[in-house]
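Visitor:
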Amino acid sequence: MGTDSTACKTTITVQADTAGKPISPLLFGIFFEDINYAADGGLYAELVRNRSFEFQAIENPEWNQLTGWELTKRGEGEGWMGLDAAWPVHPNNPHYVTLHVAKVGDGVGLINPGFDGIAVKEGEDYDLSLFARQLYMGRRWGQGFSGKDGPMPLVVRLESEEGEALGEASLEVAGPEWQRLSASIRASRTEKAARLVLLGMDVGGVALDVISLFPRKTFRNRPNGLRADLAQAIADLQPKFVRFPGGCLVHGNGLGNVYRWKDTIGPIEQRRGQANLWGYHQEVGLGYFEYFQFCEDIGAKPLPVVPSGVCCQNASHTNGTGQRALPLEEMPAYIQDVLDLIEWSNGPATSEWGAKRAAAGHPEPFYLEYLGVGNEEHITPAFEERFKMIYEAIQAKHPEITVIGTVGPFWKGDDFENGWKIADALQLPMVDEHYYESPEWFMDNLERYDGYDRNKSKVYLGEYAAHEKNRATTLRSALAEAAYMVGLERNGDIVAMTSYAPLLGKAGRTQWNPDLIYFNNTEVFPTINYYVQQMFGNNAGDVWLPVEVGDSTKLAELAVSSVKDSATGDLILKLAHNGAQSKPLQINLSGAKSLVPSAVVTTLTGDPSALNNEESPKTVVPSTSEIAVSESFEHVAPPHSLIVIRIKMSN
Ligand code: AHR
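Here our numbering is used: the sequence shown runs in plain steps of one and ends on residue 714.
1) Looking at the strands, I want to know which residues DSSP matches up with residue 656.
2) Hey, how far is the Cα of residue 325 from the Cα of residue 400?
3) Does the beta carbon of residue 438 fall short of 8 angstroms from some heavy atom of ligand 1?
4) Distance, Cα to Cα, residue 146 vs residue 483?
5) Among 451, 584, 310, which one has its Cα closest to the Cα of residue 570?
6) Please go through the same chain and pick out, in chain order, the residues whose beta-carbon is closer than 7 angstroms to the beta-carbon of residue 206, but skip the five residues on each side of it.
7) If I measure Cβ to Cβ from residue 485 and keep anything under 8 angstroms in the same chain, skipping five residues before and after, which residues do I get?
8) Determine the burial state of residue 222: buried for a count of at least 16 other Cβ atoms within 10 Å of its Cβ, exposed for fewer.
9) If I measure Cβ to Cβ from residue 478 and keep anything under 8 angstroms in the same chain, skipping five residues before and after, which residues do I get?
10) Quick check on the burial criterion: 16 or more other C-beta atoms within 10 angstroms. Buried or exposed for residue 475?
11) For residue 214 and residue 231, I'd like the C-alpha separation in whole angstroms.
12) Pull up the CB-CB distance for residue 521 and residue 464, whole angstroms please, since I reckon it's below 8 angstroms.
13) Which whole-angstrom value describes the C-beta separation of residue 95 and residue 566, a residue pair presumed to lie in contact below a C-beta threshold of 8 angstroms?
14) Tell me whether the region 633 to 645 and the region 541 to 555 touch, counting them as touching only if at least three CB pairs, one residue from each stretch, are closer than 8 angstroms.
15) Do residue 156 and residue 387 count as a contact pair if the criterion is CB distance below 9 angstroms?
16) Look at residue 519 and residue 433 and say whether their C-beta atoms are less than 9 angstroms apart.
17) Can you find a heavy atom of ligand 1 that lies under 8 angstroms from the Cβ of residue 366?
18) Using DSSP with H/G/I as helix, E/B as strand and the rest coil, what is residue 691?
19) So is the beta-carbon of residue 530 under 8 angstroms away from any non-hydrogen atom of ligand 1?
20) With a threshold of 8 angstroms, establish whether the CB of residue 374 neighbours any heavy atom of ligand 1.
21) Just checking my contact of residue 82 with residue 655 at CB under 8 angstroms: how many whole Å lie between their CB atoms?
22) With respect to 8 angstroms, is the separation between the Cβ of residue 94 and the closest non-hydrogen atom of ligand 1 below this value?
23) Between the beta-carbon of residue 194 and the beta-carbon of residue 289, is there less than 9 angstroms?
24) Could you tell me whether the Cβ of residue 425 comes closer than 9 angstroms to any Cβ of chain B?
25) In angstroms with no decimal places, state the Cα-to-Cα distance between residue 697 and residue 506.
26) Please determine, among 704, 659, 672, 702, the residue with the shortest C-alpha to C-alpha distance to residue 691.
27) According to the Cβ coordinates, are residue 131 and residue 175 closer than 9 angstroms?
28) How about residue 87 and residue 605: do their beta carbons lie closer than 9 angstroms?
29) Between residue 637 and residue 621, which are expected to be in contact by the criterion C-beta below 8 angstroms, what is the C-beta distance as a whole number of angstroms?
30) Please classify residue 603 as buried or exposed, where buried requires at least 16 other C-beta atoms within 10 Å of its C-beta.
Encoded structure:
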């Protein structure tokens with residue numbers, strides 16, 4: 064026993080005493096798109112579904128402006144609800160509900176069960192706000208009207224599905240002008256699927272709109288904020304940037320549906336919600352201000368993507384099918400919108416658009432540096448012409464902004480090649496590559512970027528994921544991504560940014576699988592792939608150190624990267640081991656003289672077919688331990704594992 068196994072060990076030698084190669088400090092970020100109910104019903108903490116009465120049949124043939132709301136008549140109560148658009152709170156938000164109480168009984172009102180129920184927690188506060196005005200003021204209708212001209216009392220209540228009250232508050236709607244009313248309700252017990260009930264308690268009528276309910280506890284306690292647990296799961300990735308708002312959501316389902324950032328800022332009642340091309344409604348309550356604020360809250364750079372003057376090539380239901388381009392005469396106004404975005408983010412509070420940011424509570428700039436133009440467009444002459452116009456206008460007015468172009472939806476093919484041709488011709492600073500492929504593809508392409516021309520545009524790998532045939536997120540797919548990410552880090556001089564896609568998927572409400580984080584109304588289920596992203600994101604570096612793996616070990620079996628983080632001085636080793644047997648390693652940190660002899664090692668390992676899901680959320684999670692390290696030390700890589708060893712230096 065106790066045999067010397069040196070001969071069987073795979074030697075890893077890191078040139079720790081060399082200057083290394085500078086790599087992008089922004090390599091690992093995230094891609095957020097409102098797909099799979101990621102925003103409304105997801106990250107955006109609003110608990111009321113269809114709060115603005117703007118759902119429409121174009122989003123879902125079974126929907127209309129009253130979808131999600133139902134009339135309730137309590138006791139002997141009699142009345143009805145209607146829809147109106149004659150005198151809206153704001154023209155961007157035209158429809159509102161009317162509630163008519165003919166006989167009070169125990170109240171006549173509206174029920175909203177939220178997004179598959181409203182989850183509340185015992186003892187926590189929920190902030191309700193709404194716009195309201197009285198109807199029938201100074202008038203009488205029909206025989207038997209017995210209402211007063213006084214205010215309409217409203218009871219707002221959280222109830223269980225069985226109708227048990229979980230907390231309530233009272234409001235009064237007084238007068239024929241729209242007014243914003245608010246109240247807070249403390250939940251008397253925890254309930255996964257409560258509902259909001261509003262009851263008119265006198266004869267008469269009211270118009271109601273933007274009926275909103277938020278948990279008081281949002282991420283960083285922001286008003287109009289984000290769901291704390293989901294936002295925290297994202298923050299825990301330590302993303303260096305956040306790309307938003309998509310994805311295909313950006314270029315929209317037809318020209319009338321492209322994402323217009325200006326529609327998403329300002330008071331929520333003035334925002335213009337619209338159909339989400341993933342088949343539901345977007346309130347845009349999570350709008351540009353909230354995206355930028357979230358970036359600031361988590362220390363990530365904002366990376367908005369604006370449409371490139373054309374809609375999605377797969378558009379199907381507005382303005383006909385296929386790619387459509389904005390008429391050239393509309394381009395100057397559109398380009399001005401893009402320039403205004405830069406001013407809104409970076410301009411002084413005294414500038415026209417900076418003033419709007421300041422009015423929203425952020426006088427300081429948001430410091431936008433990166434701007435995507437277009438999302439995996441079909442590269443047509445119409446696209447090219449418009450992209451060039453937008454790019455040149457940004458370059459002329461804001462040369463400080465790094466514009467990111469697009470090279471289609473695949474890793475090769477016509478759009479990829481033609482997109483790169485445009486990038487070469489315009490000498491774009493960066494282009495956005497996308498690909499979703501099998502784990503085998505990723506393992507076969509670990510050296511993809513080794514041969515990229517260092518004199519051309521840098522790469523933002525804006526969307527990627529290893530897809531199993533059944534679209535599950537297995538350890539196998541996660542380890543394929545890990546091995547690939549080792550290559551991204553090795554090529555961090557040319558690959559500037561990367562983001563897995565999509566980020567969020569609401570269980571039972573997905574249009575796309577796999578996603579990095581699944582969730583329901585009360586729980587968050589990180590996939591194994593999430594932990595891979597987290598291990599890389601939490602252990603990023605800015606200098607890549609040359610590393611050699613001895614014997615005949617193939618990259619696909621053991622992919623190793625070694626980086627230095629200048630901020631901490633730490634040396635970080637990442638090992639993606641795809642072998643089925645444990646692999647003894649002899650790790651030499653050549654020239655690393657002053658290392659702290661104990662290091663933290665994080666290991667992710669398990670059965671390659673294992674997956675984390677709702678039934679079994681923690682099948683594979685990383686574990687951490689301390690190991691002894693020196694200039695030459697041993698370690699064993701478990702089968703099917705990702706290992707990160709973080710070594711501190713003593714000076
Ligand atoms: O990530 C999901 C979708 O995949 C994105 O919206 C689109 O850009 C890509 O095709």
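Heads up, the beta-carbon is just placed ideally off N, CA and C, and yes, glycines get one too.
This structure is a prediction, so every number in the text was calculated from the model and none was measured.
Guide: Quick look at the numbers:
1) DSSP lists no partner for residue 656.
2) Rounded to the nearest angstrom, the two C-alpha atoms are 8 angstroms apart.
3) The answer is yes for residue 438.
4) Cα to Cα, the separation comes out at about 51 angstroms.
5) Shortest Cα-Cα distance from residue 570 to any of 451, 584, 310 involves 584.
6) Residue confidence for residue 206 is low, a pLDDT of 39 falling below 50, so the modelled location carries little weight; the figure read from the coordinates is stated next. Counting only Cβ-Cβ distances below 7 angstroms, and skipping sequence neighbours, we find nothing.
7) Residues 442, 447, 450, 451, 468, 491 of the same chain have their beta carbon placed closer than 8 angstroms to that of residue 485, with the five preceding and five following residues left out of the count.
8) By the neighbour-count rule (16 or more Cβ atoms within 10 Å), residue 222 is buried.
9) Excluding five sequence positions before and after residue 478, the CB atoms of its chain that fall closer than 8 angstroms to its own CB belong to 439, 440, 441, 442, 470, 471, 472, given in chain order.
10) Around the beta carbon of residue 475, a 10 Å sphere encloses fewer than 16 other beta carbons of the protein chains shown; the residue is thus reported as exposed.
11) Residue 214 and residue 231 have their C-alpha atoms spaced approximately 19 angstroms apart.
12) At roughly 14 angstroms, the Cβ-Cβ gap does not stay under 8 angstroms, so residue 521 and residue 464 are not in contact.
13) That belief holds up - the Cβ atoms of residue 95 and residue 566 are roughly 5 angstroms apart, short of 8 angstroms.
14) The region 633 to 645 vs the region 541 to 555: in contact.
15) No; because the gap between Cβ atoms is not below 9 angstroms, this pair is not in contact.
16) Between residue 519 and residue 433, the CB-CB gap reaches or exceeds 9 angstroms.
17) It does not: the Cβ of residue 366 is nowhere closer than 8 angstroms to a heavy atom of ligand 1.
18) Look at residue 691 here: in three-state DSSP terms it is strand.
19) Outside the cutoff, so no.
20) No; taking the cut-off as 8 angstroms, the Cβ of residue 374 has no heavy atom of ligand 1 nearer than that.
21) 14 angstroms between Cβ atoms; not a contact.
22) Checking every heavy atom of ligand 1 against the Cβ of residue 94, one is found closer than 8 angstroms.
23) The answer is no: Cβ separation not under 9 angstroms.
24) Among the chains of the structure shown, chain B does not appear; only one protein chain is present.
25) As the crow flies, the alpha-carbon of residue 697 is around 26 angstroms from that of residue 506.
26) Its Cα nearest to that of residue 691, the residue 659 stands out among 704, 659, 672, 702.
27) Yes, the Cβ-Cβ distance between residue 131 and residue 175 is below 9 angstroms.
28) The beta carbons of residue 87 and residue 605 sit closer together than 9 angstroms.
29) In fact, because the Cβ distance is near 11 angstroms, the residues do not count as touching under 8 angstroms.
30) Classification of residue 603: buried, given that the 10 Å Cβ count is 16 or more.
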